[in-house]
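A.B. asks: Starting off with a structure, shown below.
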Amino acid sequence: MAIQIGQKSDPTAGPIVGIDLGTTHSLVAIVRDGKPEVLMSREGRRLLPSIVSFIDGDGRGAAHPVVGYAAKAKKVRDASHTVFSVKRLLGKGFADIEAESGKLPYEITPGEGGVRVRVGDRLYSAVEISAMILHELKLSAEKALGGPVTRAVITVPAYFNDSQRQATRTAGRLAGLDVLRIVNEPTAASLAYGLDRKKEGLIAVYDLGGGTFDVSILKLRDGVFEVLATNGDTTLGGDDLDQALVRVAAQEIGERWGINPMADPGQLAALLEAAETTKISLSEKPLALFEAEIAGKKYSREWTVKEFESLIEPILLRTREPCLKALKDAGLKPGDLSDVVLVGGPTRLSVVQRVAREIFGREPNTSMHPDEVVAAGAAIQADILAGNNRDLLLLDVVPLSLGIEIYGGLMSPLISRNTPIPTVARERFTTFVDNQTAVDIHVLQGERERVADNRSLARFKLRVDPRPAGEARVEVSFLIDADGILQVSAKNLQTGDEQSVEVRPSFGLSDTEIERLLEERAKYAEADVEFRKLAEARNEVEPAIRAAEKRLPDADRLLTPAEAELIRDRLADLRKALRQPDAQKIRQCAFLLDEASRKLADLILKEALARGAE
Amino acid sequence: MIDCFSALGVKRRFALDSADLERRYYQISREIHPDRFTTGGADAQRLSLEKMSDLNQAYRTLKDPVYRRSHLLELEGLVVSQGSQIPMELAEGWFELQDALMEDPGAAQAKLAQFEAEFAALKQTRERQIAELERQADLEAERVHLDAYRAILAQIAEVIRQESYLSSMERDIERIKAQRAH
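Listed in order, the protein sequences are those of chains A and B.
Counting in the working numbering, the first sequence runs from 1316 upward without gaps.
Counting in the working numbering, the second sequence runs from 43 upward without gaps.
In structure tokens form, the structure reads like this:
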């Protein structure tokens, strides 16, 4: 359900970036000179691991989030304070992910409007964690582009439902981004694939990401990218392949040493990391060693590609049905396709390529960069929205049917899946008893008949004038916008008046909570500035320390013992200050060190210059 | 209700060229899609959203010959109701099949096959009938013979009404077959 975001786009508001907010990695990209380009993260890398680690900065409780490789480094050492794969929790309730929770080293608890992750004594929603990742991408883009970045296109799995899309948009808003469009990942990938317009025809995009699987069937023609059908599984991805390796290791460890590493966050994180490394090795080599240190003992096991493939093939075969359903919905047979494009890190594995080949009966296209193509596509869509590219146009569909609850606990569909968006369905409602003043409406998303088997999106009460039964009539418009997000409006048919609808989303943060978080963000921004100052100070004094260390061996020769001692003391003071979160103190100690070593520096320089004059 | 034909700028006909329809859909989309208005004002965005929703509905309707047919009839005020009577041609065979299923399951197989053949033949006849009527309607539309045109539309509506009974009967046949396979 849309929470109206009253942000107006300003054409002079700077660049629009494209963001791939992935389960395991995220990227930000932009189009320059007609070509998409990945922007470096602040860590100087192309990929930003979608991992947030909370560092207890000053011991006063305000844990500071660190995102990226720096957080990844803490995944094992500080497992209970490090959150990853949070995309799998976005827009979901506790019941949806109870099965997942034991597989993750961090703690998940139920919360209002969605689950919460416990870090120390604080609870974070998946939206907040995602916002931290997006904020880091925003800062990366600002650093790379040398100016403010406030507008973005963000990709989501095509099979994401309304709640998940809404959560992504809220996360963008919390990160200080005006989200101009939510784009489906496989559709974005197709834009990058067909950018040069040399490729036309019917294609399938097989997108196996870190945590989600999507398949989209598209028609590419005259610069129009028309999605014919999409399908997928939002709980199937590379993470599941890691989990399969972890399960084997945990079982063997249990048999060998009688302990359960799944119950210990640090041990579980160590196994997950080892699994990821093993999986990546096996995409390049026929043999890999799974190694992890568990309870002071070393667990190691050799995996051959063949063994690994037979372990994960049953998981990968789950991609088959969504592919066949998408083809059927598009009214096509595999033979009608002119290309099958592979997207996502796990498609590097030859077993994944083989599964795709078997499903579609043709050699899949592995020419697109599996990690970067979605971000590149998002950047192209951003360029289109900016008005710079009038040549290309995306026409997407809604992935899941939308309907309302009717008598008998059944869902009556209003908009069927794979309907092109934006789309609107108008439904008339009336009263059943005299002087009834409200009609309850329950909005659902899914393909099943029973209400309970579908996703509850929202409930709302339609106010009607008290009249004899059947006389009051209200027309409700269910509009799915170009982001695939539902907007509801209502009209009183007697008076013709538009009437407001107060929608209570089943999942997602309430308006009040978003407000609170936005306020908090302002505070965070302050903390963020502090943190950055600290990092800058630490970087600045680094050369001073190195110079002092280089000069110290000459100190006893050239200075009095007291003078030499002072330099040593002040160097020690600076090193101590570096371990504390106080930028001013660091700078002060650096100044004092500089002061104490000035005489030594002068003497060394004098000697050097004199030598040069000889 | 929107007029899907005028939304796509095509003549109101049963027979449409799908390639031409697609070209028009793409061309109009390029002009009115919300992607063209993201950096525009709220009113322009709202209008684009409404126009594109209508265009999408129009294209989806006209692309499919069955949806197109009922939309065209609807535009002329002909609402196709669900048929509730067994077509005469099938009545005898259907009741014989029911009897066989109850009394003599062994003989039912032959009856089922026989009925399926009768059913398929009638369905084909109906489809041919509709296709021929549609061809005539388009001709009258071209000549702007309103009375003749409306009369043919009414005939089409009647055939469809009967056909709608056939599809529910088709589901019954599938169910019988599934039960027997069990």
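Here a beta-carbon is modelled for each residue, glycine too, at the ideal position from N, C-alpha and C.
What are the boundary residues of the beta strand (DSSP E) that includes A:Met1726?
C.D. replies: In the first sequence, the residue the question calls residue 1726 of chain A occupies position 411. It spans Leu1725 to Ile1730 - the beta strand (DSSP E) in which A:Met1726 sits, taken as one unbroken run.
A.B. asks: Against A:Ala1378, what residues of chain B qualify as contacts under a CB-to-CB distance less than 7 Å, listed in chain order?
C.D. replies: To locate residue 1378 of chain A, count along the first sequence from 1; it is residue 63. Within chain B, no residue comes near A:Ala1378; the closest Cβ sits about 37 Å away, beyond 7 Å.
A.B. asks: Any idea which residues DSSP pairs A:Gly1333 with across the strands?
C.D. replies: Within the first sequence, the letter at position 18 stands for residue 1333 of chain A. Bridge partners of A:Gly1333: A:Ala1344 and A:Val1468.
A.B. asks: For A:Gln1814, list the residues DSSP reports as bridge partners.
C.D. replies: As a working mapping, residue 1814 of chain A is identified with position 499 in the first sequence. According to DSSP, A:Gln1814 bridges with A:Ala1805.
A.B. asks: Using the Cα positions of A:Ser1731 and A:Leu1715, report the straight-line distance between them to the nearest angstrom.
C.D. replies: What you label residue 1731 of chain A is simply residue 416 of the first sequence in a count that begins at 1. What you label residue 1715 of chain A is simply residue 400 of the first sequence in a count that begins at 1. The C-alpha of A:Leu1715 is placed about 7 Å away from the C-alpha of A:Ser1731.
A.B. asks: Return the CA-CA distance between B:Ser48 and A:Arg1347, expressed in angstroms with no decimal places.
C.D. replies: One-based indexing of the second sequence puts residue 48 of chain B at position 6. One-based indexing of the first sequence puts residue 1347 of chain A at position 32. If I take the Cα positions, the gap works out to 40 Å.
A.B. asks: B:Gln99 touches chain A at which residues, Cβ-Cβ below 7 Å?
C.D. replies: As a working mapping, residue 99 of chain B is identified with position 57 in the second sequence. Near B:Gln99 (Cβ distances below 7 Å), the residues of chain A are Thr1738.
A.B. asks: Between the region 1593-1607 of chain A and the region 1407-1424 of chain A, do at least 3 Cβ pairs fall closer than 8 Å?
C.D. replies: Taking a contact to require three or more Cβ pairs closer than 8 Å, the region 1593-1607 of chain A and the region 1407-1424 of chain A do not qualify as touching.
A.B. asks: Since A:Leu1832 contacts A:Glu1443 with CB under 8 Å, what's their CB separation in whole angstroms?
C.D. replies: Locating residue 1832 of chain A in the first sequence gives position 517, where the first residue counts as 1. Locating residue 1443 of chain A in the first sequence gives position 128, where the first residue counts as 1. Their Cβ separation, rounded to whole angstroms, is 6 Å, which keeps A:Leu1832 and A:Glu1443 in contact under 8 Å.
A.B. asks: What residues from the region 49-74 of chain B come within 7 Å of chain A, judged by C-beta to C-beta, listed N to C?
C.D. replies: Tyr68, Ser71 and Arg72
A.B. asks: Using DSSP with H/G/I as helix, E/B as strand and the rest coil, what is A:Gly1553?
C.D. replies: Taking the first sequence and counting its residues from 1, the one referred to as residue 1553 of chain A is at position 238. Reduced to three states, the DSSP call for A:Gly1553 is helix.
A.B. asks: Within the 8 Å Cβ cut-off, does B:Ile218 reach chain A?
C.D. replies: To locate residue 218 of chain B, count along the second sequence from 1; it is residue 176. No, B:Ile218 lies away from the interface with chain A (no Cβ there is under 8 Å from its Cβ).
A.B. asks: For B:Tyr101, which residues of its own chain have a beta-carbon under 6 Å away from its beta-carbon, when the five flanking residues on both sides are left out?
C.D. replies: Sequence index remark: in the second sequence, residue 101 of chain B carries index 59 (1-based). Closer than 6 Å at the Cβ level, and outside the excluded window around B:Tyr101, lie Tyr67.
A.B. asks: My understanding is that A:Leu1517 touches A:Ile1532, with C-beta atoms under 8 Å, so please give their C-beta distance in whole angstroms.
C.D. replies: As a working mapping, residue 1517 of chain A is identified with position 202 in the first sequence. As a working mapping, residue 1532 of chain A is identified with position 217 in the first sequence. Going by Cβ atoms, the distance from A:Leu1517 to A:Ile1532 rounds to 7 Å, so yes, they are a contact pair.
A.B. asks: Shorter than 7 Å, the distance from the beta carbon of B:Gln178 to the closest heavy atom of the ligand HEM, or not?
C.D. replies: This structure simply doesn't include the ligand HEM, nor any ligand for that matter.
A.B. asks: One question on the structure: do A:Leu1708 and B:Asp96 come within less than 8 Å of each other, judged by their Cβ atoms?
C.D. replies: Locating residue 1708 of chain A in the first sequence gives position 393, counting from the first residue. Locating residue 96 of chain B in the second sequence gives position 54, counting from the first residue. Cβ atoms of A:Leu1708 and B:Asp96: not closer than 8 Å.
A.B. asks: Under 7 Å between beta-carbons, which chain A residues line up against B:Pro76? List them in chain order, please.
C.D. replies: As a working mapping, residue 76 of chain B is identified with position 34 in the second sequence. Those are Pro1737 and Ala1797, listed as they occur along chain A.
A.B. asks: Is the CB of B:Thr103 under 8 Å away from at least one CB in chain A?
C.D. replies: Start at 1 with the first residue of the second sequence, and residue 103 of chain B comes out as number 61. No, no contact with chain A.
A.B. asks: Measuring alpha carbon to alpha carbon, tell me which residue in A:Gly1785, A:Glu1451, A:Val1766 and A:Leu1777 is nearest A:Ile1756.
C.D. replies: Residue 1756 of chain A sits at position 441 when you count from the first residue of the first sequence. For the residues A:Gly1785, A:Glu1451, A:Val1766 and A:Leu1777, the minimum Cα distance to A:Ile1756 belongs to A:Leu1777.
A.B. asks: Starting from A:Gly1718, follow its DSSP beta bridges and name the residues at the other end.
C.D. replies: On the first sequence, position 403 is the one that residue 1718 of chain A refers to. According to DSSP, A:Gly1718 bridges with A:Pro1728 and A:Leu1759.
A.B. asks: Does the pairing of the region 1501-1514 of chain A with the region 1567-1580 of chain A give three or more beta-carbon distances under 8 Å?
C.D. replies: Because the criterion of three Cβ pairs below 8 Å is not met, the region 1501-1514 of chain A and the region 1567-1580 of chain A do not touch.
A.B. asks: Give the residues of chain A in contact with B:Ile91, contact being defined as C-beta atoms less than 8 Å apart.
C.D. replies: One-based indexing of the second sequence puts residue 91 of chain B at position 49. Looking at the sequence provided, one finds Leu at residue 91 of chain B rather than Ile. Within chain A, the residues near B:Leu91 are Pro1737, Leu1794, Asp1796 and Ala1797.
A.B. asks: List, in order along the chain, the chain A residues whose C-beta lies closer than 9 Å to that of B:Ser210?
C.D. replies: If you number the second sequence from 1, residue 210 of chain B lands on position 168. None at all; the shortest Cβ gap to chain A is about 18 Å.
A.B. asks: Quick one, which residues of the region 1521-1547 of chain A are near chain B if we go by CB-CB under 9 Å, in chain order?
C.D. replies: Lys1534, Arg1536, Asp1537, Gly1538, Val1539 and Glu1541
A.B. asks: Exposed or buried, what is A:Tyr1614 when buried is set at 16 or more other beta-carbons lying within 10 Å of its beta-carbon?
C.D. replies: On the first sequence, position 299 is the one that residue 1614 of chain A refers to. Classification for A:Tyr1614: buried.
A.B. asks: Enumerate in chain order the residues of its own chain whose CB-to-CB distance from A:Phe1399 is below 7 Å, with the five nearest sequence positions on each side excluded.
C.D. replies: Position 84 of the first sequence, counted from the start, is the residue given in the question as residue 1399 of chain A. Hits under 7 Å: Ser1365, Ile1366 and Lys1390.
A.B. asks: Between the region 1700-1707 of chain A and the region 1543-1562 of chain A, do at least 3 Cβ pairs fall closer than 8 Å?
C.D. replies: Touching, no.
A.B. asks: Determine the burial state of A:Asn1575: buried for a count of at least 16 other Cβ atoms within 10 Å of its Cβ, exposed for fewer.
C.D. replies: On the first sequence, residue 1575 of chain A is found 260 positions in, with the first residue counted as 1. Classification of A:Asn1575: exposed, given that the 10 Å Cβ count is below 16.
A.B. asks: Does A:Lys1643 pass the burial test, meaning 16 or more other C-beta atoms within 10 Å, or should it be called exposed?
C.D. replies: The residue given as residue 1643 of chain A occupies position 328 in the first sequence. The residue in question, A:Lys1643, is exposed, as its Cβ has fewer than 16 Cβ neighbours within 10 Å.
A.B. asks: Among A:Pro1501, A:Thr1485, A:Asn1807 and A:Lys1914, which residue has its Cα nearest to the Cα of A:Arg1260?
C.D. replies: Missing from the structure shown is residue 1260 of chain A; chain A here goes from 1316 to 1929 and no further.
A.B. asks: For A:Tyr1474, count the other beta carbons within 10 Å of its own beta carbon; 16 or more makes it buried, fewer makes it exposed. Which is it?
C.D. replies: Here residue 1474 of chain A refers to the residue found at position 159 when the first sequence is read from its first residue. For A:Tyr1474, the number of other beta carbons within 10 angstroms of its own is at least 16, and it is reported as buried.
A.B. asks: According to DSSP, simplified to helix, strand and coil, what is A:Leu1874?
C.D. replies: Translated into positions along the first sequence, residue 1874 of chain A becomes position 559. The answer is coil: DSSP assigns A:Leu1874 none of H, G, I, E or B.
A.B. asks: Answer with yes or no whether the minimum CB distance from A:Ala1585 to chain B is below 8 Å.
C.D. replies: Residue 1585 of chain A sits at position 270 when you count from the first residue of the first sequence. It does not; no Cβ of chain B falls within 8 Å.
A.B. asks: Excluding five sequence neighbours on each side, which residues of the same chain lie with their C-beta closer than 8 Å to the C-beta of B:Leu164?
C.D. replies: Taking the second sequence and counting its residues from 1, one reaches residue 164 of chain B at position 122. So the list reads Pro129, Glu131, Leu132 and Leu208, once near-sequence residues are dropped.
A.B. asks: Report the neighbours of B:Ser112 on chain A: residues whose CB is nearer than 9 Å to its CB, in chain order.
C.D. replies: Translated into positions along the second sequence, residue 112 of chain B becomes position 70. Result: empty, since nearest Cβ-Cβ is about 16 Å, beyond 9 Å.
A.B. asks: Report the neighbours of B:Ser95 on chain A: residues whose CB is nearer than 7 Å to its CB, in chain order.
C.D. replies: Taking the second sequence and counting its residues from 1, the one referred to as residue 95 of chain B is at position 53. The contacting residues are Pro1737, Thr1738, Val1739 and Leu1794.
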